[in-house]
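Residues 47 to 179 (the working numbering) make up the sequence shown, in order.
We treat Cβ as the ideally placed atom computed from N, Cα and C, and that holds for glycine.
Please read these numbers as outputs of a predicted model, since none were measured by experiment.
Contents: one structure, followed by commentary.
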Amino acid sequence: MNFIKKYFTTAPFILPVAGLFLFLMTFFEILNFWTDGVMYGTGYMLRPLLAIIYTVCWTGAVYLKKWGMYGFVAVTAVSWAGALLFADNDISRDTLTLWQQPIPLNIIFSVLLLVFFKKFHINNNILSDREEP
């Protein structure tokens, strides 16, 4: 139970709420596309994997770990670059456009993380002073 309390109290309130939203979206991606993946093809089978990567990185960011923030921003950048460079490929169009249409949620969430970047630096220094060997 301590990890749940820490999840909601470590970061600013908007980050855990967005994390819950990402968790729900990941859950629905898994339900929708792993059950109907044969009908839609390989691209849709990879969408839950990308959603899980986003959610794991965001969870790390909620605990104010820099790897989570860097990971989320990097996955967003690679996803957008891949979607733009390989727009003609069906698999990349189906997979890499996760959370880009109709609203680019991954960019909005990346900007949120970058806004709170200074808090990550301050809290990581405070947390490293408190940790016991």
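Helix, strand or coil at residue i [DSSP, three-state]
| i | result |
| --- | --- |
| Leu110 | coil |
| Pro62 | helix |
| Met71 | helix |
| Phe132 | coil |
| Phe256 | Outside the shown range of the chain (47 to 179) lies residue 256, about which nothing can therefore be said. |
| Thr56 | coil |
Alpha-carbon spacing of residue i relative to residue j, whole angstroms
| i | j | result |
| --- | --- | --- |
| Ser125 | Thr105 | 19 Å |
| Val63 | Thr81 | 27 Å |
| Phe162 | Ala57 | 9 Å |
| Phe118 | Thr55 | 21 Å |
| Asp134 | Tyr53 | 40 Å |
| Leu130 | Leu96 | 17 Å |
| Ile154 | Leu61 | 12 Å |
Same chain, Cβ closer than 6 Å to residue i, five either side skipped, listed in chain order
| i | result |
| --- | --- |
| Ile76 | Pro94 |
| Gly114 | Cys103, Gly106, Ala107 |
| Ala123 | none |
Interface flag, residue i vs chain B, CB-CB below 7 Å
| i | result |
| --- | --- |
| Ala120 | The chain labelled as chain B is not found in the depicted structure, where only one protein chain is given. |
Residues of its chain near residue i, where Cβ-Cβ distance is below 7 Å and the 5 sequence neighbours each way are ignored
| i | result |
| --- | --- |
| Gly65 | Trp104, Thr105, Val108 |
| Leu68 | Tyr100, Thr101, Trp104 |
| Ser156 | Phe118, Val119, Thr122 |
Residues of its chain near residue i, where Cβ-Cβ distance is below 8 Å and the 5 sequence neighbours each way are ignored
| i | result |
| --- | --- |
| Phe79 | Tyr86, Tyr90, Met91, Arg93, Pro94 |
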